[in-house]
Structures are given as C-alpha cells and as structure tokens.
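Chains as they are written, first to last, in the numbering used here: chain Y, 127 to 462; chain V, 10 to 315; chain A, 68 to 401. Report on the following structure.
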Amino acid sequence: MEDRHILDIQDLHVYFRVYEGVSYVLDGIYLHIARGERVGLVGETGCGKTVTMKTVMGMLKSPPAIIRYDKVSLDGQDILKMSPKELLRVKGTKISMIFQDPMNALNPVFTVGEQLYDVIRFAQKRLDNEKNPSQKEIHDRGIAILKEVRLPDPERIMGNYPLELSGGMRQRVLIAMALVNEPSFLIADEPGTALDVTIQDQILNLLKELVENRGISVLLISHNLGVVRETTERAYIMYAGQIVETAPVDLLFENPVHPYTQGLLASVPSLTGGEIAEGIPGMVPDYTVAPSGCRFHPRCTHSMSICSEKKPSLTMIEPDHYVACYLYTEQKEQNE
Amino acid sequence: MEAKQRVLSSVNLELTETWWMAFKDKIGRSWYRFRRNPISLTGASMVLLVILLATLAPYITPYPEAAGGFTDFPNAFQPPGKAHWFGTDAIGRDLFTRVLFGYRISLMLAVVVLSISVPFGVILGLTAGYFGGKIETVIMRITDVFLALPPLVMALAICASFTPTIEVAMLAVASIWWTWHCRLVDSIARSVKTEEFVQASQVIGDNHFRILFKDILPNCASAVIVKITLDAGFVILVGAGLSFLGLGVQPPKPGLGTMISYGSMYLPEKWWMTVFPSFAIFFLILGFNLLGDGLRDMLDVEAGGS
Amino acid sequence: MNEPILVVENLVKYFPIRGGLFHHQIGEVKAVDDISFNIKSDEIFGLVGESGSGKSTIGKTLVRIYKPTSGNIRFKGKDVFHIAEKELFFFKKEVQMVFQDPKSSLNPRRSIKSTLEDPLIVHKLAQNGHSRKKTIKDLLQMVELSSNYMYKYPSELSGGQRQRIAIARALAVKPSFIVLDEPTSALDVSVQAKIIRLLQRLQSELQLSYLFISHDLSLMRTVASRIAVMYLGRIYELAPTEELFRNPLHPYTRTLISAVPVVSEKEQQVKPTKQSKEGEIPSPANPPSGCAFHSRCSLADQICSEQLPELVEVIQGHFVRCHHVSLNIASAKL
C-alpha cells in the first residue's frame, strides 16, 4: 500500500545526555507532508526544529541522542532503520537540502562548476546507473540548472569561486545543487534568512516556482512567519518540542487558535503600523526540566490545571485545522 | 545542538546567586567536560604522578644519597632487581632514585624557563597585535629573527660560550622561547581586536591598557595555557638534549639527559642505564602532550560556547 | 525644544581596498557618500537599507569607531571629530551604541558583572565596589533581568538576555543619545517584541534620542517617527513614518516595502507596486553611475545613469532623490 505521504512522522521523541542530566527535546512530534505539498515548520530558536530536521535526514548520532518513535518514514521507508549505505543513496537524490547560510554552505576552495559536478556525479554513482554520465552530459546538466535558477551567464559562473559571487547568487547556486538531481523531497532550512529583503523576495519566488513546476514536496523550516505564509501551503507551529497547531497557512494566520500562535503573530510588527504586543511572557523552557503536560502552560494566560497534567493531543477544530490545547478539546467535548 | 542546550539549561538562577556559587558551577561544568575526555584524563594523571613522585623524592626513594656524588663500586652495574628496581649505574648509585630526582630537575627546568619566557612573550605579542602598524612590524621582525634560530642550537651556542651549567642552559632556552608565545598572542590579538566587544569597549571610553588586559588577554588565555602545557614537554626535551651533549646538567647531578649520555656508553649489555631515564622522559613528555590536547578541547568549547 | 541634537552634514566615508604586491590602495568602498540629516532630541530616527547601504557605517562613525573621510557631525552643537581630550570623555558619556549581534558584542570571557562594571569604572560613576554592585543591580532591573545574572557569562544567556545586557551597558553612563544598530535582528520574533517595547519604554522614561538602524521595514513603522531610506551610501528618500508608508515615492522604497514577507492579507493589500527588475544589489566598491538604483529600476531612463538626482523636498518634510518623481510632482503642480 503506497504511502500517500512523502514524509510521515508520528510520535517522535528525542533525548540527549548533557551535564545537567537528560535533555528531553522532542516530545511526541506529529508531522506529515503529502506528495507535492509545501509545508512549513515554524518555531523560534530552541524549539527543536533543527533536531526534527536532523532526524529526518538521518543525521542524529545515537548516542548521544536517544530516539523513540512510532513512525518516521520517507516515501514509505523507515529512515532511522536504514543502513548507512541505503541512507547515502537516498540523500542528495530522493531527498535534498538547501542550507541556511549560502556563505558557509559552499566550499570556498572549489569553483561552482566543480561542486556542481560533484553533486551530479555522486548522485549517479549512488543510484548505481550502468551508464556513467559523460563529462559533457554533466556539464550540460549543470548549465541547464544554472539557467533555471536564473543566473546570468552560467558558463562564467561555473568557473567562479563562491567568494566571487554575491549572497543572492550563492543561494541560487545552492538551489541549483539541490534540484539538479531531481529530488522528490526538499528540505529548506531558513532560506533567505541571511539575505537582504529584496533578494530574499526574488529567491523565494524562484524557489516556489521551481518547486511547483516539478511537483517537489517541501519542508520549509523558518522562524519568519511572513516567509512561511508567502511560500508554503500548510504549516506546523512548534513550541518546545511539541507541535501546537497546524493548518493551511491562510487559515492559520488569519485565525490562530493556540495561545502561543496568537502570541507569536501578535509579536510580529505589522507593515500597516500599530503597536507590537508585549511579546509572550516567560522564556523557552530548560529541556532537562521541561514542564509537564503542555509545555507552554507556564507562559499561557489561559492555562488550567489539566494543562500541566497531561499533554494535549492534536484535535481537529475545523477541516484541516488541528490544535493541541485543552481550551478547544474541552469545548469540543462539550459540544458533543 | 550542545550550545542550545547549554543556553536553555543555564538559567537555574539560584545556582549563581553569589560569586562563589557561580565559580563552583563553572568549575563543575569544566570538570565534567574534562573528565569525559579520556585523553586529557590520562595526560593529567601522568603529569600529576610525576609531580607527586618528584616532590616526594627525598622521602620515598630507597637510596637518597644516590642523587649526589655517592660511590659504591661493589654495587656498580647491577641489573634491575629487588634491591634496585632500575638497577645501578657505573659507580653503584641506585637508578630509581636518580630518575626520581632527575624528574625534579626536569620539572624545575620547565617552570623556570616558562615563567620567564611566557610573560615576556605574551606582553610583547599583545602590544604588537593590538597596536599594529610600525610597533607590530618592529616586534615581529625581531621575533622572526629569533624564530629562525633553532632552540637547541641556540642554547648550545650560549651554553658553550659561558660555563655550561644547568642554570645557564635554562636561561639560554628561555631567551628564545618567548618568541613562540609572542607570535601566538600577536595573531590572536590581531583578530580579537576587530571583534565587536572591543569596539564596544572603545565606545564606552576604555583606554588601551584596559582593553588589552580586560578584553584581549582573556581571549588569548586559553591558547596560551594549552601552549604552555605542550611547551613544558618540549622544554624538558631540549634540556635533556643539552644535558646529553654535556652542556646542561653536570654530573654528579642526576639530569635525565646526562644519565642517558653516560649510560649510552654501556649499551647494549647494561641497557637499564639508558632505557629507564629515556622512558622517564618519554613518559613525562607524553603526559604533557595528552594533557595539552585535552585542555585544548575543553577550553575551546568553553570559549565558543558551542 | 526643537533644536536638533544631532546634525550630520555631507558625511562621506570611503574604505580603501588594498591589494597587489605592495598592499597599496587599488580601489575604494564608497560606504557612505554624502549623507546629511538631523535628529531632534527625544526622537527615534530610523535608518533603513540593505547590505551595502552604509547604514551601519553611519552608526559606527557617529560613535567614533570610524573617522569620516569628509563632512562633519555635530552633537549638541559641538563637532564630534574636532574636540579636545577632555570633551571626548564627555561625548562618550552622552552617546552610546547597542550593536547588532549580542553574541559578538559581549566579551565571552567576561562575566556580566565585569562587562557592566566597565563603564562605571571608566567614567568613575561609583565610588567603590559596593556601590558599583548596587548600580549594576539597578541596571539589570531596568532591563528586566534578575540580579542573579551578575555572575553569569554571555554563553549562558539567551540572545534576548544578551541584548538586554548590551542595552544595560549602553545605559550605564546615562547617555542622551543611543545608536541602535539592528538591535533585534538576531532575535526571535517574540523576544524582539519584548526588547522593542523595553527600548520604547526606556526612550520615553529617560527622554533619549535613538538612531535606529534596521533592514526591517515593518519594525521601522512601529518604532521610528522619521525614516531615511538608504541605498549604496546615499539617502534616496526621507519622510515622517506615516507619510513614507502612505505615500512611498521612490521606486526603491516601493520595492523594499513590497518585498517584506507579511503574515496577513491586510498587510498584503497595502503593498505598493514594485518598481524594479530582478537583479543583485551592486557592490559599494563599484557603484553604478548616476542614480545608483538605475540598474534595477523599471522607470530608469538615460538621464538616470548619467546624472545623480538631487535630494529634493517634494512635499513638506518628504524628501526624494529621483528624476522621475521630481518631474511628476513638478508637472502635477503646474
């Protein structure tokens, strides 16, 4: 039975051993991405989105990480049970990644062309193709993808070193490198964060276009709510290792129901002016002594006694809109 | 990942209410990191063992008189056995005792040389790196000249020109050793001075001295400490080399290099006269090197916070 | 009291590019190229722009980290760069700065106490260790941190907490003017909100003036009362905040506003039409001739690449540097 989701995470828990004891970072994450869907994962620093991303990429070393889960599958296969060899075949071919900082993600001592060739060549090797692509084929594919990311004069860019290119151009090169092997799943980690606003605008539009044309599923990780709204179709809001709300972006941002989502949106300065809210009182918790139940409860103005006792599960409040909050579960139970 | 965890788990505010509690917390964390690293632990144990043995040498050695000009010809050339664990030398002195006393000399050599050369080198390096321009050029060119001279050869030359005693040998080594620290600190100071916190101090109105000692020096400290630990081994090696060539520790003092030199005449039959002192040097230097590596890992993490 | 507290006149700052065998100068980065503006006391003046705009350079030149290539800056009437040693000290008590990256603006090797003590010791603001400690506790309270943070090190604090310390350090000398260089760019959105509100509260309570530098236009709208839009070392538009957003005239300003990723449909509606083509931001080492924006501007003409337009007051208080805008407004007036 083919999985209709390209990525399916169910009840993922991740712990780390540290000086103070055990750091319980991810507390039961649920996340799924349908084929061809663009999904955003929103959260602030320390909420666990990087750990989630690393888990999906099979990049967490265990120990020191301890991972428990119901399901973490990529295209029907359990990623965490894959052998290193299988993982290698999947990375770069089926699943590809765009890193946050274009300055650091490219190797400064190799030209763009050399790095692009490497990506293409190694992917072929991993897929065990009988025919090894010729140098000319590789070159042509490289030029083609550089044209698609709208880099002017691709021939010359191939010969450039990363330091000779501007931030926006490097980001385009990174996108090219991620897409050249035609992955079915792309993870974009804070794309455009390190770029200027007008350049970020161009890059995000480009990314959206390329991804839509190819039907690639995307997991876009960001702390920038505006970027998520303008680039993705559906988003998850994450707080302290728990998923608190998820919905299609228009719905989510026009009608946020979880107190954290509401606090977050209120803190974003608006282009139409007006005061920003007071922010959210309190601080992100210490994962070695994380709050019990709903991890947001110490900072929540609506918290009730049950919030600290048991973690609320994601319940549907309207089609496609799920929230993990007792304010709504209770209501739902009352309505039933 | 570690960084974020540290940042988030830091705020057990009660733990740092006073200076003393904050200090204890910091030491606790450093120790945790240190003891997780088997390399540094091994190195530290080795060095501590040597220091302990050297300090207690007069009290724990079976034949303390062997450290000096004692003769016992009937007992000469004894192989290692129950009475003499490391055997005896050409004139009947117990080698085990001499090795332990030899450690005293080696450690003292390291301490004296480094306590003269390091402060000198660090101050020059700070001045050069921070002020830059002509001051830096002058200092660094002088340093370059000294660096071009291999320490052993230089020490040889100085020792040969004056009376070759261990004191002269130490001064000779110190006179070139400062250059390494000067260069190290200069390069660190050059990059630290461009950091924003230095600019912030300038905006506050700090004078140069304050910036040098409060902002720049602490950021050089970890590199210097690691280097000192690794230097200790090397200085001891240079000293042993000088002694081996007859220009360092003079008999009847139990310099390890001197012992190897005299013992080498009786190889290979009376192997213990060379092997034990050699191993002693090797053990100490290895200990310092492992300790230095471990310290570097520990201090690097602390500085970057990640 | 409407006498400006800060007057910047024709400020120019070029950085030499060195290269070649002899490390000689082979070019210049024209970071700041003839900038003039005033800031009134008790005002928050915003400087907005992207990389290469020169906004950070202006901030750092104001606090004397850089010396200007030409032009002058007058603070409370006195020339900032031609003052005696004694007056320099006075200046440092009046004008302070909060840097962008809290990770690098605090010395990782110094405890919070040591960092905050510094200004107190240097300016002799407390008699002994005991009163210094008390002052530090007061400062921490002012930035909403418990006094238990005194003995901690920056690596043990979160970004928001570090930035509060940086603010406390700037406040320690009781300045009247603070340069804030992207003070919240490195922070999460919910933390940013708290810091911004703290800064606003401090500004009104202590009657401070701010030069607020940022690339975030939405933030600027919330915070600043007047905004200057910079591009490649020059000001291309300057207006009171509401006027700038209601009526953005320069194509670059319009591009900038429309590029902001927004979270609501309401905001999406107010975005002006973008008047630019796809392209990179040129380097200030090699800026385009004439109007620097012409390489990306959809309105660009021959004259735009030949002649730099003047910064003209087209509406009261609203200045624009653009051939087309000036022409349009002039013809509308006729």
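Every residue, glycine too, gets a C-beta built ideally from N, C-alpha and C. Small disclaimer: the values here were computed from a predicted structure and weren't measured.
Backbone secondary structure at residue i - three-state DSSP
i: Y:F422; result: coil
i: Y:Q203; result: strand
i: V:P261; result: coil
i: Y:Y454; result: helix
i: Y:R164; result: strand
i: A:T320; result: helix
i: Y:L312; result: strand
i: V:C168; result: helix
i: A:Q92; result: strand
i: Y:Y365; result: strand
i: Y:K100; result: Since the displayed chain Y opens at 127 and closes at 462, residue 100 of chain Y lies outside it and no answer follows.
i: Y:E462; result: Confidence at Y:E462 is low in this model, with a pLDDT of 48, below 50, so its placement is unreliable and the value that follows should be read with caution. Reduced to three states, the DSSP call for Y:E462 is coil.
Residue burial classification, residue i (beta-carbon count within 10 angstroms, cutoff 16)
i: Y:E263; result: exposed
i: V:V233; result: buried
i: V:D224; result: buried
i: Y:G218; result: buried
i: Y:D412; result: buried
i: Y:V415; result: exposed
i: V:H217; result: exposed
i: Y:Y141; result: buried
i: Y:Y454; result: buried
i: A:K122; result: buried
i: Y:N339; result: exposed
i: Y:M229; result: exposed
i: A:N353; result: exposed
i: A:H90; result: exposed
i: Y:Q261; result: exposed
i: Y:L291; result: buried
i: A:A151; result: exposed
Any non-hydrogen atom of the ligand MN within 7 Å of residue i CB
i: Y:E404; result: The ligand MN is absent from the structure shown, which contains no ligand whatsoever.
Range covered by the alpha helix (DSSP H) that runs through residue i
i: Y:Q368; result: No alpha helix (DSSP H) holds Y:Q368; the beta strand (DSSP E) holding it covers 368-374.
i: Y:V344; result: From DSSP, Y:V344 is part of no alpha helix (DSSP H) but of the beta strand (DSSP E) over 343-348.
i: V:M179; result: 175-201
i: V:Y68; result: 47-69
Unbroken beta strand (DSSP E) run spanning residue i, endpoints
i: A:V113; result: A quick correction: the sequence has Gly, not Val, at residue 113 of chain A. That run of the beta strand (DSSP E) goes 111-115.
i: Y:D134; result: 131-144
i: A:N77; result: 71-86
i: V:D153; result: No beta strand (DSSP E) holds V:D153; the alpha helix (DSSP H) holding it covers 142-156.
i: Y:E435; result: No beta strand (DSSP E) contains Y:E435, which is instead part of the alpha helix (DSSP H) from 431-435.
i: A:Q369; result: Unbroken run through A:Q369 is the alpha helix (DSSP H), 369-373; no beta strand (DSSP E).
i: A:M297; result: 293-298
i: A:P307; result: 301-307
i: A:V381; result: 379-382
i: A:V327; result: From DSSP, A:V327 is part of no beta strand (DSSP E); its letter is neither H nor E.
Contacts around residue i, its chain only, beta-carbon distance under 6 Å, and the 5 residues preceding and following it disregarded
i: A:K261; result: none
i: V:M282; result: D98, G272, Y275
i: A:S137; result: V79
i: A:R293; result: F112, P307
i: Y:I269; result: P280
i: A:L165; result: Residue identity check: residue 165 of chain A is Val in the sequence provided, not Leu. A233, I234, A237, L247, P250, listed in sequence order.
Cβ shell of residue i (< 7 Å), same chain only, five flanking positions each side left out
i: Y:L277; result: I283, M295, R298
i: V:V16; result: For V:V16, the predicted structure reports a pLDDT of 41, less than 50, and the residue's modelled location is therefore unreliable. A value from the coordinates is still provided. Hits under 7 Å: none found.
i: A:R321; result: P315, P339, T340, K341, Q342
i: V:Q14; result: Any answer about V:Q14 is weak, because its pLDDT of 42 lies below 50 and its placement is not dependable; what the coordinates show is given next. Hits under 7 Å: none found.
i: V:L135; result: V194, A198, L221, I225, L226
Nonlocal neighbours in the same chain, by C-beta distance under 8 Å from residue i, ignoring five residues either side
i: Y:L332; result: V275, R276, R298, I301
i: A:Y218; result: S178, I179, K180
i: A:Y216; result: I179, L207, L224, Q228, I232
i: Y:G293; result: P228, M229, A320, L321, D322, I325
Next on the checklist: Restricting to runs no shorter than 3 residues, where is the beta strand (DSSP E) found entirely within the stretch 259-290 of chain A?
Outcome noted: 276-281
Checklist entry - What beta strand (DSSP E) runs, 3 residues minimum, are completely inside the stretch 189-263 of chain A? => result 244-248
Next on the checklist: What ranges does the beta strand (DSSP E) occupy inside the stretch 219-291 of chain Y, keeping only unbroken runs of at least 3 residues that lie completely in it?
Outcome noted: 221-224
Item to check | Within the stretch 97-175 of chain A, ranges of the alpha helix (DSSP H) (whole runs, at least 4 residues) | outcome: 122-129, 152-161, 169-172
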